[in-house]
Structure formats: structure tokens, C-alpha cells
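Protein chains in written order, with the numbering used here: chain W, 1 to 511; chain P, 1001 to 1511.
For glycine and all other residues, C-beta sits at the position ideal for the given N, C-alpha and C.
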């Protein structure tokens, strides 16, 4: 059944992925441990690796093998193999549209721009970052032009497609616009008419070491395998599915706001569980034969975010979670924290605020932060807003949407790392992830009606098992829309998210 | 003057080095942060990178450019360029003798063997490591056979040549044998007739964090630039000159023996200063045009060790150092440590012991540890000792040489990482380094007669400046023998080391 062409194809993809994984290490290391003096060399290293990976991903031989497999009845009769080849064709056609020079330049400039962003954010100095952002937007727009806008779509769609295959900005806008109204309405209702929870538990001082120990404890409880992963400290938290058996999470600690790190860590561990659940490794620890092929890869960023946002919010900001976690945290945090009840901490973790930092935002306002970025980056690519005007545009839109004035660019347009890497078209997947997560958790609850009791007892397996079965093990076998339909019986919609938010937040606010 | 061929040649070497530097990151990461689950993938990544580097270092085009430069009068009239080409020829002729399969297999098996060694050492289980060591010795012997024994030399010389160009085992033996007698004599004299120093200062309990802070303070004082380097924790301390502007040191902490980490850190920082002093980077932080060519590379491991052993012993175990360092350490260590005088700590740091761990050995016995390894690995390559017999051979030779029984393999033949990587032919360079260091420090003292006063006041610059001028900036411009002659006016000899040891240790032992 499995022909030589298919075996050869998988093997070529596997070697290309192995090289890619080295590039991931370069990037992880730059964000965690690399000394500042290494920046220039790192940019060159990244560019060389990007070029080598591009050569492999676009080689003529790879194209011939894909074509051979498309015409091979044995491959096409095998649903998994056929899906794998379909996705490889998609990747190949995209990647071959990019000239190698552009790929290496993006890697080189991106590595330098990322360091410039770090300094600019620390010094609250947009002007210092502006020339780098201009370079990255220019290069990214050139990349979009190479891909070309899809029929009936816009240039931005070509970028979006990389993170959320087949998504269209206009369709996302059609979902986001009514959702924005409903979310703004809910936020106004809560803040204008409700009684906010006591914020005491949010403000307890917790030393970094205690937070780190608690973070490790929680992610192990979630099922994250620390013998096949780790947790480090960075400026901007992320998860890197670096290689088979090697998934790396990062977080950052604020000793006067432990929830920032805790929820950040749970979020990244949600991503990490997806990476650990993909079939990248055999039982004996060796990289699998399909490692590097689409069957071993995450479906889309929207689906990826459904995993991270799911654990962070649908588990971590739930009452049941704190019933388990409160006594555990008492052991690590001690002191003032022990004076609060699980219910106090649960309620405090659901404080709704018109705040500035997306990654620390509550569930109700979070999507508004995302919508701002989506609108702004779409305008950047369309050329409707100049880079020098970003801070002004950001601040004006932010105030219009959230009703508060941005105090400085560090808490405004400089807060996220994404644009410095050229990750444009990425932000809307966060809200797609929230929508998917809400719908997935309704399905999980349906399958496990005593979910809250299980979580309260520390048993997180119903969430992980469901996710492994319906999402992780499948890789890119199905489209995101198909995954959603198969797993929940319905296409993606806004109602589960609104039901979740209203059902949880109104009672917290005494409404 | 500089022709296109030479520019192209340097540029090819530079790109190959940039790829090599990525392989160094793979190795550094494996030793520091990689989760155990990533081992199999890391082995494949390392093998791929080793293959890519080998392809570049042995490409036909590179060979043509070297030949062109050898025949180019303009290049040959430029002493630096001519030396650079001479060394490139040497590397090219060596590297092209190795088949790519062997290079990638060494990297693949080496990465796995290294992890097996880590576990075996932890569990004191030689049997578990034996098959890996057998594989690595077989592969390393095959490598030596590809290089071929030099005329009149032995197979082991072909390996030695990689670390100490043009050295011969027979010549090293001729130096080591009388040196061993003189050292054994000194050790016996001290331990049989002398009064050992008080060991109290060695045994003070110092928390890891305080040791780490002190370590950083000391290496900054030495001149190590922490914006272009870092210090981490590993099983086996090492220094990796990873890339331009990125030199990484590692150490390990024992809270009941701070001198282990302190001297280990100074040792690695000595290596690190050499790496930072090589012309790998321009003033603006960009990798230099000669990065990756021999002019930017360390001369030999013997010279490298002269830098690490020099800082560790000729500075760090000196009275003047502790006059400066004692009050500094008081600030970090506090408690019991402050009760001792600088003289107490100086004397305690020169305790001579018949101990088991090479990297923690005193200066007098250290070279005996090295001589044991040299004899044993030379026998391994000659096929005169089977791998299964290594523990027995080690223990017997150790007892004969140092008069004490090795308690277990973790403190015996499993203590060093080197053989697991296939680093055979490396050990003798440690003792060569001690010999060079002693001779270099006599020259430094001659140039700076008030060296002790300078060091006691915290001014380490006479050591660093001299090393920068006579060693670091030169790369591989001259041979090790030429460096020694030019810098000290004499060929390498054993007398400076014996003068140093006898001059320091006899008074410490009241003789």
C-alpha cells in the first residue's frame, strides 16, 4: 500500500523538519539565554538555516515526489496518506512562491528586529523600533505579494493563510464585528451595573521561586510531560514545539501579580500539550517516520490557541480548578495567600478590567485587544496606515474601544513581540481560538457531565483525553472547520463563547 | 593586495563556521537545558549539521580556492594571508580524508553516548556506558585510520594532531615521564614531610546563589565580558566559544565545597577570555570578515589550557588574588567564611591531596591525573586494552600512581565527559597547558614586576593585556611552539612549572 515515492517524500520532509527544529532552537535560545553580544551572529545563523530549510522545502525532487504521490492510486486510496500529500502540496505551492533571498532576509532582519523590539519595549522608545518595524512590514508585504491575494480576497489574506489556512479577513471581520458589540455590551454591563470581586488575592506578594514551583506543579497536573519539555523565563511568553520529545514553554514573573505568570504558564502549557500530543515521536523516543509531515503538525493557530486559551480560561479561571489548586498553592505561596478561600481566588481571577496588556487581560476584554491588532495590521498591509503613525492610531483606537487612555507605548503598541518577527496575520487566531475553545468545552462537558468534580479533585484527564482524541493525534488530517464539525457536531459560532462568559461573569459580578 | 580568490575563500570559511556555530549551540543546549526526551532528535540534528559543515569544509570549490591562493603571489606576500591559507590547507587536507558517513555517525552516536554517560556517571554504572564507549572508540579509531598515522608516528598521533597540531605521543611521553617523577617526588615530599594547611576555609557552607554571584564577580574582574557571554550550570564544566559575541561558560556547584565551582569558573573564564580575544567580531558587533578562518581561531588546546589553567592556578590560587578576593567573597558568602584571613584561604586553596576528581585536583597532583588518561587512551587506540577492562586498568594505574584506591567508577573512569564525545587525544593538552602557563607567567612577571600588588588591588589587566597581545589576537598565525618562543624567548620546558609549584607549595607546607 505504501509506495516508495511516499516513503521517500516523508523522509525528505522529515529531514527538512529536523533542520527547521534547529532554527527553532536558535530562536528559543535568542529569547531565553543568548547574550546580547550574540545578536549579529544569531541573525546570520538564522538566515543560513532559513535558506537551507527553504532549499529543502522547495526542491525539485520534493515537487516530483508530491506529484508522483498525487498520481499514485495506492497513496490516494489511503486516507491518511492522501491527506498528508494534499497538505504537502499546499505547503510546497506556497513555499515555492518565495525567493530564497526573501526568506533569508526575513530571518536575518527578524532576528535583529526582535532584539531592537526588546530594547525599545524596555525603554518605552517606539522611535528606536520604528525603522525595524518598517523593514519588517515591507518584507512581510513583499512576502504577501509573492503568495498573492486569493481570488476575491485581499493581500492580508495571503498572510493570514499561513496561520489559519483558507481564512479570509472579510469573513473574520464578519464574525468579529457583531462579537465586538456583544463583548463591549457585556463589559459595560459588568463594569457599570455589577459589583467587582475583591481583588485581594490578585495582589499577594509571591516570590518568583514559589511561583515557578507552583507553575511546574500545575502543568504537570495538566499532563505536561516535563521529561519531554521545560519551562524558562522570557520577555514575552511563548511555547516552542522544538523537536520530537522537546517542547519548551516560557513565562515571566511579577512577584506582585502571580496570576500573570500562572495563567501565562497554563496558556503555554496548553500549547505544549498539543505539541506533545502530535505524533512526532515513537514510543521508544525516536522521532517518528511521519515527523515533519503534515500529519505530525498542528492544524492551525486558531486550533492551537483553542488549546492554550482552553486550559487558561475554561480550566484555570474556573471555580473547580481553584478548589483543587488553592490548597496546593497554599503550600507554595504560604503567608497572606492562605487567608483567602478558593472561592475568593476564583472570583478574583475573573476580574474584568479596561487594562492595557493583552496577555494579562481578562476573558471579556481580551478579544477587544485582539480586534484592535487585527484592524491595525490589516490597515498596515493595505498601506492605509504609516508605521510612524502606529502609536497614535493604536492609542486612539484603544481609547475608543476600551474607554481608557494608553499611558505609554510599552503598554501600547510595543507590548507584543509578533510584529518584530513579521508575524502579521497571526493575531486574529487568538480570538478564533477562544471561539473554538468555548465550543470544544461544551462538547467536553457533554461527554463528561461531572467535569467540575473531576477537575476539583485534580483529575484533568477528561480535558486532555478529549483533546488528544479529537485534535492532537490528527495533526493536519482535517481542516480546522472539519475538526470543529467532527468534534462538536456544529460549525464554529459565537454563541458558546458568549454563553461561557455571561454564565461565569454575571454571577461573579452579582448580576 | 587582497585578491578575489582570498576574499571568496574567507567568505566560504566564514559561512561554514556560522553553520558550525549552530552545531555548537546544539551541543551547549544538550549539556545545559535540553530535556532528556529530546536526546534522539538532538542526535539527528547534530548529525545533519555535522554533515552540512563537512560538505562545506571539503567542497571542491574550497579546495580550488585554497590552491589558487597558494599560487597567488599577492596572497603569499602578505604574511597574515599566507599563514591563513597555510592553516586552511592543513584543515582541508585533514577534513577531506574523512567520509561524510563517518562524520555524521560520530555526531549521532556521540550525542547519544553523551547522554548515556551522564546517566552512567550518576548511577555509577560503567556497564551501562560500556557499549557506548566501545562504539565511540571504534568510530574514533576509524577516524584516526582515515587521517593515518604520521611518518614515524603512531595511530594515536593522528588524533592528537587535531587538538595539538604536530604533537607526537612519543615526544609527549618523553616530557611526561621525567615530569611525573619530579611531581611524584614533590607530592611525596609535601605529604610525608610537610605540614598541610588548615582546611577550614575549604569546608565553609556557601549557598549556590552566593557562589554564583561571586563567580560572576570574579570573572568580570578578570575581564570576561558578560554582555558577550554567560555562565550556566552543567554536569561537566566547559567553555564554548559559540559564535562571535557569544562565549558560554558552565560550572557546577557544591554548597559544601565552594572552591570547586570558583576555580572551575575561573578556569572556564580563562578559556572564555581567549575566545573573546580572538578576532571573531568587529567593533560594531558584526562577525568579522575573517571569522571562521584560522586567523580567528584558537591555536591549539595546549595554548587554550594555558589560558584556563593560568587564570585558575597562577592567578586564582595565588596569595595576591585572595588579598583582593577575600573581602569581596566575605560580602557574598558572609557567615563562617569571614572568620578566616586571606592568608588562610590562600593556603587552603593549595592543599595537596591524593584525591579522585581531576577537575578538582590540586596543582601538584593534577598532572598525574592527566598522565593516567594519556597512557590509558593511547593504549585504547593501540588496541592494547579492551573497553571492558578500562575500570580495572584505571583503578590499578591510579593506585600505583597516587597511592589510593578508587572507591567507584563515578570517581574513577566515568568522571570525565571527553571519551563519550570521542575526544581522545585531548587529555595531554591539559598538562601542556600547565607547562605553557608556567612559562607565560614568568614572562608576565618579568614585564610587570609588581604583578602581585596589581592583582592584590584587583587589577588583573597585566595578565589579560599580555595574553591579548602575545596569544589571543594572533589566532593560528603562528604554531604553538612559535608562540611560546616569541612570547617567552625560550622553547617550552618543564622548569617554570616545577619552579612555580615548588616555590609556592613548599612554604605552604612549612618546608
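CB-CB length for residue 1291/P against residue 1017/P, believed under 8 angstroms
Contact flag correct, Cβ pair sits at about 6 angstroms.
Closest to residue 1233/P by CA distance: which of 1262/P, 1225/P and 1223/P is it?
With distances taken between Cα atoms, residue 1233/P lies closest to 1262/P.
Starting from residue 282/W and walking both ways along the alpha helix (DSSP H), at which residues does that stretch end?
For residue 282/W, there is no enclosing alpha helix (DSSP H), since its DSSP letter is neither H nor E.
Is it right to say residue 294/W is buried, meaning 16 or more other beta carbons lie within 10 angstroms of its own, or is it exposed?
buried
Residue from 381/W, 353/W, 380/W and 382/W with nearest C-alpha to residue 368/W
353/W
Using only the alpha-carbon positions, how far apart do residue 282/W and residue 11/W sit?
15 angstroms
Expressed to the nearest angstrom, what Euclidean distance is found between the alpha-carbon atoms of residue 1528/P and residue 459/W?
Residue 1528/P falls outside the range modelled here, since chain P spans only 1001 to 1511, and no answer is possible.
If residue 1163/P and residue 1430/P are in contact, beta carbons under 8 angstroms, what's the gap, nearest whole angstrom?
So it is not a contact: roughly 10 angstroms between Cβ atoms.
Does any C-beta atom of chain W lie closer than 9 angstroms to the C-beta of residue 1008/P?
It does not: the Cβ of residue 1008/P has no partner Cβ on chain W nearer than 9 angstroms.
Quick check: what's the CA-CA separation for residue 1501/P versus residue 251/W?
50 angstroms
Between the region 1063 to 1074 of chain P and the region 1107 to 1118 of chain P, are three or more C-beta pairs nearer than 8 angstroms?
no
Are the CB atoms of residue 491/W and residue 179/W nearer to each other than 9 angstroms?
no
Can you tell me the Cα-Cα spacing of residue 22/W and residue 1045/P, whole angstroms?
C-alpha of residue 22/W to C-alpha of residue 1045/P: approximately 7 angstroms in a straight line.
Could you confirm whether any beta carbon from chain W is found closer than 9 angstroms to the beta carbon of residue 1227/P?
Residue-level contact by beta carbon holds for residue 1227/P and chain W, with a gap shorter than 9 angstroms.
Please confirm if residue 251/W has its CB atom under 9 angstroms from at least one CB of chain P.
no
At 4 residues or longer, what runs of the alpha helix (DSSP H) sit wholly inside the region 1437 to 1470 of chain P?
1451 to 1456 and 1461 to 1470
Residue 1191/P and residue 1498/P closer than 9 angstroms at C-beta:
no
Residue 1244/P: buried (16+ other C-beta within 10 angstroms of its C-beta) or exposed?
buried
C-alpha distance - residue 60/W paired with residue 1056/P, whole-angstrom precision
22 angstroms
Does DSSP put residue 1417/P in a helix, a strand or coil?
coil
Which of the residues in the region 44 to 70 of chain W, read from start to end, lie with their CB under 8 angstroms from any CB of chain P?
Per Cβ criterion, the list reads 44, 45, 48, 49 and 52.
Under 8 angstroms by beta carbon: chain W residues contacting residue 1222/P:
Per Cβ cutoff of 8 angstroms: no residues; residue 1222/P is ~16 angstroms from chain W at best.
Does the distance from the CB of residue 414/W to the CB of residue 398/W come in under 9 angstroms?
Their beta carbons are not under 9 angstroms apart, which means residue 414/W does not touch residue 398/W by this criterion.
May I ask which residues mark the beginning and end of the beta strand (DSSP E) holding residue 1181/P?
Element bounds for residue 1181/P: not the beta strand (DSSP E) but the alpha helix (DSSP H), 1169 to 1193.
Residue 1033/P touches chain W at which residues, Cβ-Cβ below 7 angstroms?
230
I want to know whether the region 434 to 446 of chain W touches the region 301 to 309 of chain W - three or more CB-CB distances under 8 angstroms.
yes
Between which residues of its own chain and residue 126/W is the CB-CB distance below 8 angstroms, once the five residues before and five after are set aside?
120, 390, 391, 409, 413 and 414
Less than 9 angstroms separating the beta-carbons of residue 533/W and residue 467/W?
Nothing can be reported for residue 533/W: it is not among the residues displayed for chain W, which extend from 1 to 511.
In the DSSP assignment, what are the bridge partners of residue 1248/P?
Beta-bridge pairing links residue 1248/P to 1230/P and 1240/P.
Euclidean distance between Cα positions of residue 444/W and residue 451/W
8 angstroms
Chain P contacts made by the region 11 to 25 of chain W, where a contact means CB separation under 8 angstroms:
15, 18, 19, 21, 22 and 25
Tell me whether the region 1340 to 1350 of chain P and the region 1193 to 1211 of chain P touch, counting them as touching only if at least three CB pairs, one residue from each stretch, are closer than 8 angstroms.
At 8 angstroms Cβ cutoff, the stretches touch.
Proximal residues of chain P, C-beta to C-beta of residue 298/W below 8 angstroms:
Here the premise fails: no neighbours, minimum Cβ distance about 17 angstroms.
To the nearest whole angstrom, what separates the beta carbons of residue 364/W and residue 355/W, a pair I think is in contact under 8 angstroms?
Not quite, the Cβ-Cβ distance comes to about 11 angstroms (not below 8 angstroms), so this is no contact.
The region 252 to 286 of chain W: positions lying closer than 7 angstroms to chain P by Cβ
285 and 286
Proximal chain P residues relative to residue 38/W, where beta-carbon distance stays under 8 angstroms:
1228, 1242, 1243, 1244, 1245 and 1246
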